[in-house]
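Reading through the structure tokens given below for one structure.
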Amino acid sequence: DGVRNQCVQRVDRLYSAASPSLRGGAEREALLGAGAGRARAACMFFHIPIERELLLHPRLLGPHVTEHLKEKLLATVEGSCSGRHGYIISVTEIVSQTKGQIREGTGITSFTMKFNAIVFRPFKGEVLDATVTKVNKMGFFAEVGPLPVFVSKHAIPADMTFDQNSNPASYVSQVTDEQPVRIKPESEVRLRIVGTHFDANEIRAIGTIRDDYLGVVQ
1 DGVRNQCVQR VDRLYSAASP SLRGGAEREA LLGAGAGRAR AACMFFHIPI ERELLLHPRL
61 LGPHVTEHLK EKLLATVEGS CSGRHGYIIS VTEIVSQTKG QIREGTGITS FTMKFNAIVF
121 RPFKGEVLDA TVTKVNKMGF FAEVGPLPVF VSKHAIPADM TFDQNSNPAS YVSQVTDEQP
181 VRIKPESEVR LRIVGTHFDA NEIRAIGTIR DDYLGVVQ
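Going by full-length UniProt numbering, 157 is the number at position 157 of the sequence shown; the sequence numbering is gapless.
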């Protein structure tokens, strides 16, 4: 958890340092200083190079074309998901851009942008804190930031039963006589990723709370 917190704090600093001004140079190197590699390896955030093609309308061509490309890059890729790279959290640096190629008959110009970005990519075995969004008799759905996770009823401890009469529906365990433990929408749970599925523009995960030190975060 300590290394993961270090990673998240480092990503937060990178994010504030990068967008929208895209600062670089010595300040960026300082943020990525000693220990960054270890922190990235211990969590699901990575600093990687990416290449994308961007299209600009003819009216945007001119002396401010570089600024228009930066604005479009940030609007297009930040917050998006790629099955290859994961969720793109923040663009930290634009490395290069090609000379534009005008598409015949339309005037649309294409540019190839190379940039560095912070991405979020889940891995099997990672333990994460998630927020429950939906509960039903088959299990519950939760979110870890942008990542949707489903936990099947078979991956919930046997002492927790589905209470369809509660409002909202929940899984409940009568650990003590005074206060039952409930998993309901907006509950915070600690889960382990046991599987992931990658599509072109989406990542989904399967989780479990049927293990030591997992479950509702009190």
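No residue lacks a Cβ here, since even glycine has one placed at the ideal position from N, Cα and C. Because the structure is a prediction, the values reported are computed rather than measured.
The beta-carbon separation of Arg84 and Pro157, rounded to 36 Å, does not stay under the 8 Å limit for a contact.
Listed in chain order, the non-local C-beta contacts of Ala169 below 6 Å within the same chain comprise Val135, local neighbours out to five positions each way being set aside. Nearest neighbour of Leu56 by Cα position, chosen from His197, Pro148, Thr112 and Lys137, turns out to be Thr112. Assignment of Lys70 by DSSP, reduced to helix, strand and coil, places it in the helix class. If you look at Phe150, you'll find it in the beta strand (DSSP E) that goes Leu147 to Ser152.
Taking 3 residues as the minimum length, the beta strand (DSSP E) runs contained wholly in the UniProt domain "S1 motif" (122 to 203) are 127 to 136, 139 to 144, 147 to 152, 161 to 163, 170 to 173, 181 to 183 and 188 to 198, in order along the chain.
When rounded, the separation of the alpha-carbon atoms in Glu53 and Gln218 is 46 Å. Per DSSP, the continuous beta strand (DSSP E) segment holding Tyr87 begins and ends at Gly86 to Gln97. Nearest C-alpha to Thr131 among His197, Val151 and Leu74: Val151. For His47, the closest alpha carbon among the candidates Val119, Asp159 and Asp199 is that of Val119.
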